[in-house]
Every structure is written in structure tokens, then in C-alpha cells.
Amino acid sequence: MKQFQNFINGEFVTTASGKTFENRNPVDNSLLGLVHEAGQPEVDAAVKAAKAAMKGPWGKMTQAQRIQLLDKVANRINERFDEFLDAECKDTGKPHKIASHIDIPRGAANFKAFSETLANHPTEAFKLDTPDGRGALNYGHRTPKGVIAVISPWNLPLLLMTWKVGPALACGNTVVVKPSEETPATATLLGEVMNECGVPKGVYNVVHGFGPDSAGAYLTEHPDVNAITFTGETRTGEIIMRAASVGLRNISLECGGKNPGIVFADCDMDKAIEGTMRSAFVNCGQVCLGTERVYVERPVFDEFVQRLKEGVEKLRLGVPEDPEVDFGPLVSQEHKEKVLSYYRLAVEEGATVVTGGGVPEMGEALNAGAWVEPTIWTGLADDARVVREEVFGPCCHIRPFDTEDEVIELANDTKYGLSAAIWTENSARASRVAEAMDVGIAWVNSWFLRDLRTAFGGAKESGIGREGGVHGLEFYTELKNVCIKL
Ligand code: NAD
């Protein structure tokens, strides 16, 4: 039986309590292995190792040396690509076709992109005039924050974890990662890669477990953790924010979304359909940036609904290894129950089910898996729960609109503010509407088109702070002003 152990101070370790939990494959609910749940002693040991590593060889390395080492890590992930791919797809059930294009290459690239940004980013300098005429020189000097706790979700496990670990290490910090209990595999495998590349002991640590009364809470409440970066649900973000308030530790929160897609009648309809297909259904709808509310200008509403329905009905569901497959199961049985509860609620709230709405027949070998049908609704009221709450499944509601002002109002009428996708060929309207969105990221005629140098984060209840490019520097380093009297 495969064992997913904690990775502490460069070694894979079992736990003092001997507690384990099951890791199951959502494709058919088969058992993948046992995960060793870290208790307080293991979290203490991981934080201690991370703190000590700041004073060891890692802390003494030059920026150039660190960058070289992280480059090696990226290359080694690519050399072990198939193992990472297999581990990620078994944990999540996502098709190889997707993970081999997004999750694994981006997971590796995250160790290179920030290093380059760092190496090329200047610090500020100001000459100050003083009464004696000699002046003073000010310059900014960045130092690592120290031990960073990384709490990551299950939807893009490697990509979202390295999105934080990459810049944290590039800036000279050490990390203790708590991956989602649903997806322990790639974070564990990365421990092997760190050792193979010669990353000093204690720089990268992994503790497995859950949130409350488990590794997540022990880590975020640990006084020797200097900053916490979290991606996950807004409600969890609130709990972590409270934990971080003790000792005034810095936090970065990337949380939920209920993102709008806006389709104007003057759009390129092929692009709008293709983009909305991806934004609502890729990764089985389990993408924080995904579109769950689509607003379509009335003259093209019927055409849009019909074409999206046709697109959805052509999606091929199946096992990750099949190269023809576009669409896998949800991540777990628990999440399947949540998504199906929204499918039932939509009908209770008066939706017209355009397509889907249930559980597909996958055959005897797969029926125990976490499969749900991709689903489109119309006809819900603006205050329906299905229109207001994040489902995080392969589904969207489509509603007609008549004017630009109306759709801006509708799109912004949510407590969330992560992203928006706007489809129009009118560039003046595109920038006007994009700028009016209460979100952190607005795409025009695209979706999930990411330049890793740009700011990433959410407005309102979708998060606090920005990561990506130089913005990560603000979170992962302490900026000190040095003032030298001349
Ligand atoms: P989640 O909040 O349930 O869990 C995320 C992580 O937090 C897991 O590792 C979990 O074990 C841990 N955790 C839970 N309770 C905790 C506690 N009390 N203390 C410390 N850690 C705790 O989220 P999830 O279900 O894994 O992920 C889905 C959510 O993540 C969705 O809401 C989605 O929108 C959001 N998400 C946001 C982004 C973004 O960039 N904004 C990206 C991906 C996912």
C-alpha cells in the first residue's frame, strides 16, 4: 500500500500518533494509499526545521545561487514529468490531456518565472537634501520574511502550491506546505525532487492533514511561522486571518469566486463559445477563475444557449489516461454530494435545465467514481442561491441582458470579486466594462490567459493581496529602508 509521508528536514517521516487517512481515486473510488496525518509534534518539527534552515547554508546563499538551485528544481520536475502527471491525475481524476498542458508544466515554470523577475527587479533609491548640504542616501533593501506557511487547495494541487513555493524560496524564505487532504501526492513527490537537486534540509517541508484540530490549524497558529499564504474557500480564509492576527503575521488570501462572463451581441461568437466552454467546464468546473454566471445580450441569447448546449453535449467524459477525454470526475465523493445538492437546488429554485443536471452512466467499473454531468441552467432569479453561491462544479447559469449599464450592475452584484470574462469586438466598450468590474482580474476575449509577471488576486471576499511577478515581492520579503547620512 502506498504511503504518503510527511517531509520534514529533508526526510520522509511517519507520525508519532501513527494516524493515517485514506487517499482515494475519484475516477472509481479505489484506494490509492494512506496519508500520514501530522499532529502538533510533526508541525512543530517542520517549523523548527524551516526556522533553522534560514540560519544554515540556505540563508547564506547568494540570490544567484538560489535562483540556480530553483532552476534545477524546475528542470527535475520536467524530467520526472510522467510521475508528476500520474500522481496529479490519480489524486484529482483530471484528464492527462489537461494536466500535461497546464498543471505540470506550469507547476515547474513557477520555479523559474519568479527567479527571473527577482533577478531583474531594482530596489528604490532616494537622495535626501539635509541642512548641512551633504545629504543622505536612502535605499531599499529586501530581506526574506522567514518561515512561510503555504496552505493549498485540491483543484490545481501542484500548480497552486508551487505558485507560492516558487516565489517564497526565490526570495530566500523557507516553507512548510500543508497540501489539501484530498491531493497529497505531488507535494510529497516534490520533497524527493528537492533532495535530488541538493536543496538544503528544512527549506521545503510538507505536513499532511486537515484544517481544524489538525495540521492546517497547528501550522497557521504556530508562533514561529512568519507569514501565511492561503488559497481556498473564503470561510477558511476568515479562520486563517484570525489565526494570523496573533503576532500580526502577514497573510495573502486567494479565495472563492462566482465569476461573471459577459457576452455582447457584437462579440466573435465562435470565440465566446469556445472561451465560455473552457471557463465553465475545464477541470470539471473546479477552477476559482471559472465562469458560473453568464450574461448574454438579448439578440444573441438563444443562439448562445443553443451553441453552448451543443458544445457541452459533445464533451467526452472518461478516464484520465484516455487522450480523447475532455472531462473527468469531480475531486471526491464529498464534493460530488455538494455539487449535486446545487443541481437539486437549481430545480427547486425554478431553473430550466438546458442540459445535464444529474449523474452520468459511466459503466460498472467507474460508477462508484465522483462523476456528475456538465450542466447549464437558464431562468433563475438574480437572488437564487445557485446564482449567488460558488458551486465549484461543471455548471453555469445563463441570463439575458439589454444594456451595458444593466450588465455591469448584474455582474458586480456579488460578494465575490475574483475575475470576469468579457466578449466583445468593440475595444472602447471592452476597456470601459473591464474597468467597471469589481474584480482582481478582467479578461477581454480570453480566459485564463496568464502572464506570470502580472498581478493575481481577488477583490471583495475573493481575497486579500496580490501575488505574481513583483507583487509577490511585497508579500514574500520585508522591505527595509536604509538611510545613510553622507
Ligand atoms: P478549503 O478552504 O476547504 O481548503 C483549502 C486548504 O485549507 C486545504 O489544505 C485545507 O486542509 C486547509 N484548511 C481548511 N480549514 C483550515 C483551517 N481551519 N486552518 C488551516 N487550514 C485549513 O478549499 P478547497 O475546497 O480545498 O478549495 C476550493 C476553494 O478554493 C474554492 O472556494 C475556490 O474558489 C478556491 N480557490 C481559489 C483560488 C484563487 O486563486 N483565488 C484558486 C483555487 C481555488
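Sequential numbering from 1 applies to the sequence shown in the numbering used here.
Cβ coordinates follow ideal geometry from the N, Cα and C atoms, glycine included.
What you are looking at is a predicted structure, and each value in this text was computed from that prediction instead of being measured.
Distance CB(residue i)-CB(residue j) smaller than 8 Å
i: LEU70; j: ASP103; result: no
i: ASN195; j: THR162; result: no
i: LYS90; j: VAL325; result: no
i: PHE114; j: PRO200; result: no
i: ILE151; j: GLY216; result: yes
i: LEU248; j: PHE230; result: no
i: GLU274; j: ALA243; result: no
i: LEU315; j: PHE281; result: yes
i: HIS121; j: LEU473; result: yes
i: ALA50; j: VAL193; result: no
i: ILE408; j: ALA436; result: yes
i: ASN250; j: ALA227; result: yes
i: PRO329; j: PRO95; result: no
i: GLU292; j: GLU390; result: yes
i: ALA87; j: LEU219; result: no
i: THR174; j: ALA53; result: yes
i: PHE12; j: GLY191; result: yes
i: PRO179; j: CYS284; result: no
i: GLU349; j: VAL294; result: no
Beta strand (DSSP E) segment containing residue i, residue limits
i: CYS284; result: No beta strand (DSSP E) contains CYS284, which DSSP labels as neither H nor E.
i: LYS97; result: Not the beta strand (DSSP E): LYS97 falls in the alpha helix (DSSP H), residues 96 to 99.
i: ALA136; result: 136 to 144
i: PRO260; result: 259 to 263
i: ASN481; result: 477 to 485
i: GLY33; result: 31 to 36
i: ASN250; result: 250 to 254
i: ALA125; result: 125 to 128
i: PHE392; result: Segment: none, PHE392 is in no beta strand (DSSP E) and carries neither H nor E.
i: PHE7; result: 6 to 8
i: ALA149; result: 147 to 151
i: THR375; result: 375 to 378
i: THR355; result: 352 to 355
Proximal residues to residue i (C-beta, below 8 Å), its chain only, five neighbours per side dropped
i: VAL353; result: ALA346, VAL347, THR375, ILE376 and TRP377
i: VAL305; result: VAL296, VAL354, ILE376, THR378 and ILE398
i: VAL246; result: GLU221 and PRO223
Endpoints, alpha helix (DSSP H) assigned at residue i
i: ALA421; result: Unbroken run through ALA421 is the beta strand (DSSP E), 419 to 423; no alpha helix (DSSP H).
i: PRO524; result: Outside the displayed range of the chain (1 to 486) lies residue 524, so it cannot be described from this structure.
i: ALA384; result: Counting along the chain, ALA384 falls outside any alpha helix (DSSP H), and DSSP gives it neither H nor E.
i: VAL407; result: 404 to 412
i: ALA430; result: 427 to 436
i: ALA442; result: Premise fails: ALA442 lies in the beta strand (DSSP E), 441 to 444, not in any alpha helix (DSSP H).
i: LYS90; result: 81 to 92
Contacting residues, own chain, Cβ-Cβ under 7 Å from residue i (five flanking each side not counted)
i: CYS267; result: TRP423, THR424 and GLU425
i: GLU313; result: THR355
i: GLY33; result: MET1, LYS2, GLN3, PHE4 and ASN23
i: ALA108; result: ALA74, ILE77 and ASN78
i: LEU128; result: GLY135, ALA136 and ASN138
i: ASP224; result: VAL47, LYS51 and VAL147
Same chain, Cβ closer than 6 Å to residue i, neighbours up to 5 away in sequence not counted
i: SER419; result: ASN259, LEU289, VAL439 and ILE441
i: LYS72; result: CYS197
i: LYS480; result: HIS141
i: ARG466; result: ALA455 and GLY457
i: VAL433; result: ILE422
i: LEU118; result: ALA170
i: HIS471; result: ALA455
i: MET277; result: GLY311
i: VAL482; result: TYR139 and HIS141
i: GLY357; result: TYR343 and THR375
i: GLN286; result: ASN155 and PHE392
i: GLY93; result: PRO26, VAL27, GLY328 and PRO329
i: ILE464; result: LEU253
Any non-hydrogen atom of the ligand HEM within 7 Å of residue i CB
i: ILE98; result: Here the bound small molecules are the ligand NAD; the ligand HEM is not part of this structure.
**Asked** How do the segment 89 to 109 and the segment 130 to 138 stand: do at least 3 beta-carbon pairs fall below 8 Å, yes or no?
**Response** no
**Message:** Under 8 Å, with one C-beta from each stretch per pair, do the segment 251 to 270 and the segment 175 to 187 reach the 3-pair mark?
**Reply:** With a cut-off of 8 Å, the segment 175 to 187 and the segment 251 to 270 do not count as touching, because too few Cβ pairs lie within range.
**Request:** Decide yes or no for the touch test of the segment 80 to 95 against the segment 230 to 242: beta carbon pairs closer than 8 Å, at least 3 of them.
**Result:** no
**Request:** Can you check the segment 279 to 336 for any beta strand (DSSP E) of at least 3 residues that lies completely inside it and give the ranges in chain order?
**Result:** Correct list: 291 to 297.
**Complete runs of the beta strand (DSSP E) confined to the segment 170 to 226 [at least 3 residues]** = Along the segment 170 to 226, the beta strand (DSSP E) occurs as fully enclosed runs of 3 or more residues at 174 to 178 and 204 to 206, listed in sequence order.
**Cβ pair count under 8 Å reaching 3, the segment 457 to 471 against the segment 411 to 418** = yes
**Prompt:** Would you call the segment 4 to 19 and the segment 31 to 47 touching, i.e. three or more CB-CB distances under 8 Å?
**Reply:** A contact exists between the segment 4 to 19 and the segment 31 to 47.
**Any 3 or more C-beta pairs closer than 8 Å across the segment 328 to 338 and the segment 365 to 374** = yes
**Request:** Evaluate contact between the segment 295 to 304 and the segment 398 to 411, counting only Cβ atoms and requiring at least three cross-stretch pairs below 8 Å.
**Result:** yes
**Message:** Quick check for students: name the residue ranges of the alpha helix (DSSP H) that lie wholly in the segment 11 to 78, counting only runs of 4 or more.
**Reply:** 40 to 55 and 57 to 60
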